[in-house]
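Residue numbers (the UniProt record's numbering): 1 to 289. C-beta: ideal position from N, C-alpha, C; glycine also. As the structure is a prediction and not an experimental result, all values here were calculated from the model. Remarks on the structure that follows.
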Amino acid sequence: MWRSCLRLRDAGCRLLNQPRGALAAPAGPGPTPQAPARAYAPPTERKRFYQNVSITQGEGGFEINLDHRKLKTPQAKLFTVPSEALAIAVATEWDSQQDTVKFYTMHLTTLCNTSLDNPTQRNKDQLIRAAVKFLDTDTICYRVEEPATLVELQKNEWDPIIEWAEKRYDVEIGSSTSIMGPSIPARTREVLISHLASYNMWALQGIEFVVTQLKSMVLTLGLMDLHLTVEQAVLLSRLEEEYQIQKWGNVEWAHDYELQELRARTAAGTLFVHLCSENTTVKHKLLQQ
Numbered sequence: 001m002w003r004s005c006l007r008l009r010d011a012g013c014r015l016l017n018q019p020r021g022a023l024a025a026p027a028g029p030g031p032t033p034q035a036p037a038r039a040y041a042p043p044t045e046r047k048r049f050y051q052n053v054s055i056t057q058g059e060g061g062f063e064i065n066l067d068h069r070k071l072k073t074p075q076a077k078l079f080t081v082p083s084e085a086l087a088i089a090v091a092t093e094w095d096s097q098q099d100t101v102k103f104y105t106m107h108l109t110t111l112c113n114t115s116l117d118n119p120t121q122r123n124k125d126q127l128i129r130a131a132v133k134f135l136d137t138d139t140i141c142y143r144v145e146e147p148a149t150l151v152e153l154q155k156n157e158w159d160p161i162i163e164w165a166e167k168r169y170d171v172e173i174g175s176s177t178s179i180m181g182p183s184i185p186a187r188t189r190e191v192l193i194s195h196l197a198s199y200n201m202w203a204l205q206g207i208e209f210v211v212t213q214l215k216s217m218v219l220t221l222g223l224m225d226l227h228l229t230v231e232q233a234v235l236l237s238r239l240e241e242e243y244q245i246q247k248w249g250n251v252e253w254a255h256d257y258e259l260q261e262l263r264a265r266t267a268a269g270t271l272f273v274h275l276c277s278e279n280t281t282v283k284h285k286l287l288q289q
């Protein structure tokens, strides 16, 4: 119960403190200027205004063309991505839209817009520290004291992931039933900050996006290191919700929609990170495991 109260409190604080239009969302090929200190407000659906989607390589990378018009970001920058694989993935998002373009389903496009425009004006160090800060409220580090069945479920499902992360990065994380959460050692933060520094700015945008979806830095690390699948990470992040659903039943369509949406966002963020990661550092780390 106290965890639910904490979540409601934190959600309320975020809603009260965030500026209007604080969610990221893609834009069409034309300019839509935004205040540089704010993130993007999600646009409404619009009728599909193009027939064909194609990719061309320009001086700055790979570009997306909607018919004969080049895609632009909300700040009217040329939509250019660093890899052909990412360009294909984004082009697929646009090509898969039917009569209506549903921007809220285009998570890769949104992440590219955020990386190109950087609406919150954060640098690499700020992105890293924002992600690592989630350790303070990491979902799998907070434990309940009752009921016994949920206590056992958390232990069986979450402890192995924490143990993996501690061994993988040679750090201490732990868990706690205290409302204050576990005490994360300073060295743990330093090690993870150093690890995340091996990612480029684009990949870090994706990592923070995934951390925000799962409410867990540890689960995100598991995804990035290919230790967990998207389905596993999402179910682990929703362990308490799934327990309550099995105990009390499912709310018609609502829980299923929430689960599928979380999977879609987490999958898109994870794919984005892997498509943006630098070949020489991150992939080398994965090959060593």
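Over the uninterrupted alpha helix (DSSP H) stretch that includes residue i, give me the two end residues.
i: residue 209; result: 201-214
i: residue 157; result: 148-169
i: residue 190; result: 186-196
i: residue 93; result: 84-95
i: residue 120; result: That residue, residue 120, is in no alpha helix (DSSP H); it is neither H nor E in DSSP.
i: residue 222; result: 217-224
Only counting the same chain, and skipping five residues up and downstream in sequence, which positions put a Cβ closer than 8 Å to that of residue i?
i: residue 128; result: 193, 196, 197, 204
i: residue 150; result: 144, 240, 243
How would you write the range of the beta strand (DSSP E) that residue i sits in, first residue to last?
i: residue 234; result: It is not in any beta strand (DSSP E) - residue 234 instead sits in the alpha helix (DSSP H) that spans 230-237.
i: residue 54; result: 53-58
i: residue 64; result: 61-66
For residue i, which residues from the same chain have a beta carbon less than 7 Å from its beta carbon, with the 5 sequence-adjacent residues on both sides left out?
i: residue 124; result: 201, 204
i: residue 32; result: For residue 32, the pLDDT reaches just 41, beneath the cut-off of 50, and the residue's location in the model is therefore unreliable, although a value from the coordinates is still provided. So the qualifying residues of the chain are 74.
i: residue 188; result: 171, 172, 173
i: residue 50; result: 66, 67
With a Cβ-Cβ cutoff of 8 Å, do residue i and residue j count as a contact?
i: residue 90; j: residue 116; result: no
i: residue 94; j: residue 66; result: yes
i: residue 221; j: residue 233; result: no
i: residue 110; j: residue 45; result: no
i: residue 87; j: residue 207; result: no
i: residue 236; j: residue 162; result: no
i: residue 181; j: residue 243; result: no
i: residue 79; j: residue 64; result: yes
i: residue 218; j: residue 138; result: yes
i: residue 277; j: residue 199; result: yes
i: residue 164; j: residue 68; result: no
i: residue 210; j: residue 114; result: no
If contacts are defined as beta-carbon pairs under 8 Å, then residue i and residue j qualify, I think. What distance do you get, rounded to the angstrom?
i: residue 157; j: residue 239; result: 6 Å
i: residue 172; j: residue 185; result: 5 Å
Problem - the segment 210-226 in contact with the segment 262-269 per 3-pair CB rule at 8 Å - result: Yes, since at least three Cβ pairs between the segment 210-226 and the segment 262-269 fall closer than 8 Å, the two stretches touch.
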